[in-house]
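Per my numbering, the sequence shown starts with residue 125, numbered consecutively.
Heads up, the beta-carbon is just placed ideally off N, CA and C, and yes, glycines get one too.
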Amino acid sequence: MTPTSLKSASTAPSQSSTLAHPWIALVFLSLALSLIVMDGTIINVSLPTIMRDLELTFTQAQWLTTSYALIFSALLITVGRLADNWGRRNILLAGIAIFVIASIIAGTARTFTPLLIARFLQGTGAAAVSPTTLSTVNATFTGKRRMIAFAVWGSVISGMAAVGPLLGGWITTSTTWPWIFLINVPIGIIVALGCIFFVPNTYGERSEHGFDAGGFITSSIGFAALVYALIQGRDLGWWKPINEDWTSWPLSPVPLAAALAAVLLGFFIWWERRQLRVDGPHLLNLNLFKLRSFSAGNVAAAAISVGEFGLLFALPLYLQNVRMLTPLQSGGVLAAMAAGAFIAGGSASPLGRLFSATWVARAGLAIESIAVFSLAISLTAHTPIAVIVTALVAYGFGLGLASAQLTSVILVDVPPSTSGQASATQSTTRQVGTALGIALVATFLAASVNSQVQGSLDDVPLPEQARHGIEASVAPSAGASIRALTDSDGSEGVPAELTDEVIDKLSEAFSVGTSRAMGVAGAALGLGCALTFFLPGARKPSGE
């Protein structure tokens, strides 16, 4: 299908244009989306507590957050194709069921392995929810109503991502951390019932060629290898193995994983081109990328996710382990993003009609980037919380503008018949950005903190072995060892009279590392802003 035919198909009537209660359907679609979006961020504020309770390392903590986005992104395109063939509501309900079951497993886990398995399963369920909600919206609404529905969908993403940390902090402080997962069970059941009664079971362009196993395998393993390389590089060595006791190889597995990722992802693109050429089964309709709005918008969306979720991983560690806030307090700080996002959600659509969706998305990304860079510049161990909150409100406002309108820009030329694939593809780019953002920012944070703490206690009159041991514990524990010193009373090898001095020096070192990590997040957002200049000017929708 050529870009011309794509455009002409996009004007075809919606399959569900006569739906009796489209706005009620949108409510339940938004609630389903809220579940999976919040679950991607709700764990961030609770992560320090989970690390202490389960005695996790920094790398294990990274896997708990990244695994969700990794399996999410790996399955999205496949699920989009299945939804087009088998019915979007059917796949949506299956995804909610898997998500609820996985939440029960996560809530009852008491060791790392079952919790990690549950996070992978949650990501599997989420992969069925995200593209089906968006493709159903795309197939159900037309004209100006579609722009409003897209704005709601995008606002839910930005708003619920920001609400997640507050909810996670409140639950962790008021009860125990397993309830951040168990709360999904009753909500998921209610959402499933609402979808059964009010959401239409729409279909897309059906594939008569079977399943693209080659595309699924190469893309899934390729993305997994890339994220593995980014996360494990710090522990295994970026080139040479750090611990040579377990291997006689002169080369770490990390560059091998990176090379495997490059080969497989390159082969995936070649394979999908070939499948389209021979009219075979394909996961990704590369003709969609001939639509300028779709291609440039997807890259910008990935950059947004890199910045957003990198920030959401790093900042709670700073707030709880340096500023000594409780999970609820740190969640309250991060909720400033939600305030800004919800304010922007109400103004995004009017601004989009007054100017254009592209202009609003560009302005939002510019605000996001400036806010995060301001936070990076001002962040120290003693930065007033009010300064952090102000920066996060501004960031949330920009996020609300950009997310709501960018979704509309990405899908503006996509026909309802291919909206399943297109929705899955744009959701995939966001989740790939999420996984890469967490991996990149966390790796940069750990490396920066490790370099800053080395030698930071040289002026403290401690035995050399104790001094080096304390310094070496900060990065692997993600700063938890700093918080542990506040209750040590000398039990951590630090005399009580030196505890405050040690905490101050380690806190400042961790703050510098966090500041630099924020700079990486800000740079990703700046890249996303620059990419909006390659987007076409959005056209105002016609008709109702």
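Query: Within 10 Å of its beta-carbon, does I594 have 16 or more other beta-carbons around it, so buried, or fewer, so exposed?; Result: buried
Query: Taking A425 and F658 to be in contact with their CB atoms under 8 Å, please state how far apart those CB atoms are, rounded to whole angstroms.; Result: Not confirmed; about 13 Å, so no contact.
Query: Assuming N409 is part of the alpha helix (DSSP H), what are its boundary residues?; Result: First-last for N409: undefined, no H or E at that position.
Query: If you reduce the DSSP assignment to three classes, tell me which class W373 lands in.; Result: coil
Query: Restricting to runs no shorter than 4 residues, where is the alpha helix (DSSP H) found entirely within the segment 561-646?; Result: 588-598, 604-609
Query: Are the CB atoms of L157 and S259 nearer to each other than 8 Å?; Result: no
Query: In terms of residues, what are the limits of the alpha helix (DSSP H) holding V671?; Result: Outside the displayed range of the chain (125 to 668) lies residue 671, so it cannot be described from this structure.
Query: Can you give me the start and stop residues for the alpha helix (DSSP H) that V151 sits inside?; Result: 146-178
Query: Buried or exposed: which applies to V387, given that a residue is buried once 16 or more other Cβ atoms fall within 10 Å of its Cβ?; Result: exposed
Query: Cutting at 8 Å between CB atoms, please list the residues of its own chain near S615, excluding the five before and the five after it.; Result: A caution first: S615 carries a pLDDT of 46, below 50, which makes its placement in the model unreliable, though a value can still be read off. Same-chain partners within the cutoff: there are none.
Query: Hey, quick one: how far does the alpha helix (DSSP H) through R205 stretch, first residue to last?; Result: 182-210
Query: Which residues bound the alpha helix (DSSP H) around N325?; Result: First-last for N325: undefined, no H or E at that position.
Query: Closer than 7 Å by C-beta to L153: which residues in its own chain qualify, once you throw out the five before and the five after it? Chain order, please.; Result: T257, T260, V261, V323
Query: I need the DSSP call for L360, collapsed to helix, strand or coil.; Result: helix
Query: On a Cα-Cα basis, can you pick out the residue from V276, E432, F321, A459 that is closest to F497?; Result: E432
Query: What does the alpha-carbon distance come out to for the pair L199 and V573?; Result: 34 Å
Query: Just checking, does the segment 168-175 make contact with the segment 448-458 on the three C-beta pairs under 8 Å criterion?; Result: yes
Query: Can you look up F395 in the DSSP assignment and give me helix, strand or coil?; Result: According to the sequence as given, residue 395 is Trp; it is not Phe. Helix.
Query: Beta-carbon within less than 6 Å of G652's beta-carbon, same chain only, minus the 5 sequence neighbours each way: which residues are those?; Result: A424, A427, I428, L489
Query: Helix, strand or coil for G404 per DSSP?; Result: coil
Query: Helix, strand or coil for R477 per DSSP?; Result: helix
Query: Output needed for I534: all residues of its chain with C-beta closer than 7 Å, excluding positions within five of it in sequence on either side, in chain order.; Result: S417, F418, G421, N422, A425, Q550
Query: What span of residues does the alpha helix (DSSP H) with A251 cover, start to end?; Result: 236-264
Query: Note down, in chain order, each residue of its chain lying with its Cβ closer than 7 Å to the Cβ of S502, except the 5 sequence neighbours on either side.; Result: V511
Query: Count Cβ pairs between the segment 227-235 and the segment 304-314 that sit closer than 8 Å; are there 3 or more?; Result: yes
Query: So, is E588 buried or exposed, given that buried needs 16 or more other C-beta atoms within 10 angstroms?; Result: exposed
Query: Would you kindly work out how many angstroms separate the C-alpha atoms of A526 and V161, rounded to a whole number?; Result: 16 Å
Query: Between the beta-carbon of L439 and the beta-carbon of L458, is there less than 8 Å?; Result: yes
Query: In its own chain, which residues sit with a C-beta less than 8 Å from the C-beta of E625, not counting the 5 before and 5 after it?; Result: V584
Query: Alpha carbon to alpha carbon, what distance is there between A500 and I494?; Result: 10 Å
Query: For a test of the three-state rule: what should DSSP assign to V536, helix, strand or coil?; Result: coil
Query: Taking the beta carbon of G390 as the centre, do at least 16 other beta carbons fall within 10 Å, making it buried, or is it exposed?; Result: exposed
Query: Mapping the DSSP letters down to three states, classify A510 as helix, strand or coil.; Result: helix
Query: Can you give the Cα-Cα distance for F244 and L159, rounded to whole angstroms?; Result: 15 Å
Query: Helix, strand or coil for T300? Go by DSSP, reduced to three states.; Result: coil
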